[in-house]
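*Asks:* Chains as they are written, first to last, in numbering that gives the first Met the number 0: chain A, 0 to 193; chain B, 0 to 193.
Ideal placement from N, C-alpha and C gives every residue a C-beta, glycine not left out.
Protein chains: 2
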Amino acid sequence: MSESRTKVKKVLPPATALYPLPAVLVSCAGEVEGVRRDNLITLAWTGVACAEPPMVAIAVRPSRFSHGLIARSGEFVVNVPSSGMSRAVDLCGNVSGRRRDKFALAGLTRAPARVVSAPVVAECPLALECRVRHTYRAGSHDLFVGEVVAVQADEDVVDPRDKIDVARLDPLCYGGGVYWRLGSRLGTYGYSRE
Amino acid sequence: MSESRTKVKKVLPPATALYPLPAVLVSCAGEVEGVRRDNLITLAWTGVACAEPPMVAIAVRPSRFSHGLIARSGEFVVNVPSSGMSRAVDLCGNVSGRRRDKFALAGLTRAPARVVSAPVVAECPLALECRVRHTYRAGSHDLFVGEVVAVQADEDVVDPRDKIDVARLDPLCYGGGVYWRLGSRLGTYGYSRE
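Structure, rendered in structure tokens:
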């Protein structure tokens with residue numbers, strides 16, 4: 000590591016330069032002017048917030064159609080796509096669902112959730128159904144922190160111990176404006192928790 | 000996609016099953032019984048929370064030594080390691096810094112931050128200096144939302160437009176209890192934002 004210690008650091012403007020990020024499809028549903036609507040939004044600004052209870056956070060601009068549905072229903076589903084779904088994921092991140100059905104546009108299928116009223120994306124091998132427990136108005140984005148109240152996964156990405164097999168899941172990564180697959184596995188090491 | 004539509008979904012217990020996650024080294028500093036201490040903690044539970052101002056969130060258990068330093072100082076640094084640092088990253092996630100110097104133990108070097116008082120990890124090609132703007136006590140973990148107030152990056156991971164070159168950064172991914180490298184780039188697609 001002595002080589003890298005001598006590298007010159009460049010100072011850049013403050014930015015959200017965190018890599019890699021998970022690229023997910025968030026589904027949501029709610030009433031708009033008395034009519035039930037649902038939508039999909041592609042997000043990479045999502046992460047884990049808590050173990051007990053299990054929680055994940057998503058950052059959504061208030062101007063997005065999905066923001067109102069999530070804020071009013073207090074529910075969302077984080078659908079984790081496989082890398083083969085990158086075109087559908089990209090489309091859902093670049094088209095508004097206010098006047099169009101993004102499921103139809105992207106060739107995706109609604110499936111029932113177990114606990115929440117929002118639909119699950121049938122083609123995604125993994126879905127986390129969430130109920131909003133906290134909203135932080137951060138600035139350009141609201142951070143919704145949701146408790147995971149149910150998980151659905153394709154049988155072929157679940158190992159015999161009911162854990163997700165990440166290699167078989169083949170999740171979609173995001174960084175630098177483009178999508179990536181996961182590469183080689185580096186393994187765990189020998190340090191035991193003290 | 001018709002094949003995947005027919006797959007049987009398995010219902011799993013609620014869990015934080017989100018993939019991939021960024022594996023980062025968070026550095027922090029503060030006073031403990033009148034003595035200045037610093038520490039490193041490996042986290043994968045981090046994500047982007049806001050664009051304007053730029054914010055990232057980290058989830059930390061209150062029992063961790065770093066939690067007290069971050070809570071008291073109101074500052075932390077998210078150091079993004081390259082994949083070659085996976086052993087050092089793993090060590091920092093499995094040893095407590097309460098009685099030991101994790102920088103020395105992991106062969107890592109303290110470098111000065113630009114804005115905050117916590118040290119930067121010199122070997123990490125990218126560092127986001129953060130000030131805590133919001134803390135959400137989620138349960139087993141506290142979610143610290145920090146505004147990014149400065150970014151430092153190795154010159155060789157910065158492209159001519161001052162953006163991070165993710166392939167050269169070669170960040171460390173986490174999922175399913177093991178570390179991964181990023182794999183093939185899937186590219187951007189043709190959908191223009193409406």
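(1) Straight-line CA distance for Y178(B) to L104(B)?
(2) Among C27(B), P52(B), A56(B) and P80(B), which residue has its Cα nearest to the Cα of R63(B)?
(3) How is G176(A) classed by DSSP in three states: helix, strand or coil?
(4) Taking C-alpha atoms, which residue in T15(A), D141(A) and K9(A) lies nearest to H133(B)?
(5) Check whether the Cβ atoms of G46(A) and V59(A) sit closer than 8 Å, and answer yes or no.
(6) Assuming contact is defined by CB atoms lying nearer than 8 Å, are C129(A) and E51(A) in contact in what I supplied?
(7) Jot down the residue ranges of each uninterrupted beta strand (DSSP E) in the stretch 75–140 of chain B, minimum 3 residues, whole runs only, in chain order.
(8) Tell me the residue span of the alpha helix (DSSP H) that contains P167(A).
(9) If we ignore side chains and look at the alpha-carbon of each, how far apart do H66(A) and R98(B) end up?
(10) Is the CB of D155(A) under 8 Å away from at least one CB in chain B?
(11) Between V148(B) and L171(A), what straight-line distance do the alpha-carbon atoms span, to the nearest angstrom?
(12) Can you pull the chain B neighbours of P159(A), defined as C-beta to C-beta under 7 Å?
(13) Looking only at its chain, what residues have a beta carbon closer than 8 Å to the beta carbon of A121(A), apart from the 5 residues adjacent to it on each side?
(14) With the cut-off set at 8 Å, would you say A85(A) and D169(A) are in Cβ contact?
(15) Could you name the residues of the same chain whose beta carbon sits closer than 6 Å to that of T115(A), not counting the 5 residues immediately before and after it, in chain order?
(16) Classify E51(A) as helix, strand or coil using the three-state DSSP reduction.
(17) Quick one: using the 10 Å Cβ neighbour count with 16 as the cut-off for buried, is E193(A) buried or exposed?
(18) Measure how close the beta-carbons of R180(B) and G176(A) come, nearest whole angstrom, since I'm counting them as under 8 Å.
(19) Quick one: is L39(B) near chain A, going by C-beta distance under 8 Å?
(20) Among all the DSSP beta bridges, which residues are the ones paired with L185(B)?
(21) So the candidates are V131(B), L39(B), E146(B) and V150(B); which of them puts its Cα closest to the Cα of L125(B)?
(22) K8(B) touches chain A at which residues, Cβ-Cβ below 7 Å?
(23) Can you list, in chain order, the residues of its chain whose CB lies under 7 Å from that of A152(B), leaving out five sequence neighbours each side?
*Replies:* Looking at the atomic coordinates:
(1) 20 Å
(2) C27(B)
(3) coil
(4) D141(A)
(5) no
(6) no
(7) 125–136
(8) A small fix is needed here, since residue 167(A) is Arg in this sequence, not Pro. That run of the alpha helix (DSSP H) goes V165 to L168.
(9) 45 Å
(10) Among the CB atoms of chain B, one or more fall inside 8 Å of the CB of D155(A).
(11) 29 Å
(12) What P159(A) touches in chain B: nothing, since even the nearest Cβ is about 12 Å away.
(13) L107, T108, R109 and A110
(14) What sits at residue 85(A) in the sequence shown is Ser, not Ala. Result no, Cβ atoms of S85(A) and D169(A) do not sit closer than 8 Å.
(15) Residue identity differs from the one stated: residue 115(A) is Val in this sequence, not Thr. The residues are E74 and E128.
(16) coil
(17) At E193(A), the pLDDT of 35 sits below 50, so the modelled position is not reliable; the number obtained from the coordinates is stated separately. In this structure E193(A) is exposed. Its beta-carbon is surrounded by fewer than 16 other beta-carbon atoms within 10 angstroms.
(18) Not a contact, Cβ separation roughly 19 Å.
(19) With respect to chain A, the C-beta atom of L39(B) has no partner C-beta closer than 8 Å.
(20) Answer by DSSP bridge pairing: none, since L185(B) is not bridged.
(21) V150(B)
(22) Chain order gives the chain A residues near K8(B) as Q151, A152 and D153, where near means a beta carbon separation below 7 Å.
(23) P124, L125 and I163
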